[in-house]
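Numbering (the UniProt record's numbering), first residue to last: 1 to 125.
For every residue, glycine included, the Cβ atom is placed at its ideal position computed from N, Cα and C.
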């Protein structure tokens, strides 16, 4: 898991995180906003390198989902499934790859929050 954290730190330091759509583009992915309905909020289409997010989400949630999708783009393109976030129980789809989803969440957290601040917050909880 350390390599995931290091990659998140490296990308944040090299490119910044002010504009995650621009960051995605620099990393070879495209972010598209399309209505996905009431249940699905994010989809990563690995063969196209496209992260689809619902335009009706709060801006903070959009940032999280773009960062999460970037992890799949960077680390999981060889997987046999595409990924989507199912909000019914705040769980990922039934094709869930537990390790890959954990990696995507860790990457998103460390990309969006500097490592020292995130570790401090994790120690508090």
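Query, Result
"Helix, strand or coil at residue 45 according to DSSP, with G and I counted as helix", "strand"
"Among 19, 9, 18 and 62, nearest to residue 35 - alpha-carbon criterion", "62"
"Nonlocal neighbours in the same chain, by C-beta distance under 6 angstroms from residue 76, ignoring five residues either side", "100"
"Range covered by the beta strand (DSSP E) that runs through residue 53", "50-53"
"Start-to-end residues for the alpha helix (DSSP H) that takes in residue 9", "2-15"
"Cβ-based neighbour list, residue 57, same chain, cut-off 8 angstroms, excluding 5 preceding and 5 following", "41 and 65"
"Those residues which DSSP pairs with residue 32 across a bridge", "52"
"Given residue 78 as reference, the closest of 52, 67 and 44 once Cα atoms are compared", "44"
"Residue 40 - DSSP class collapsed to helix/strand/coil", "strand"
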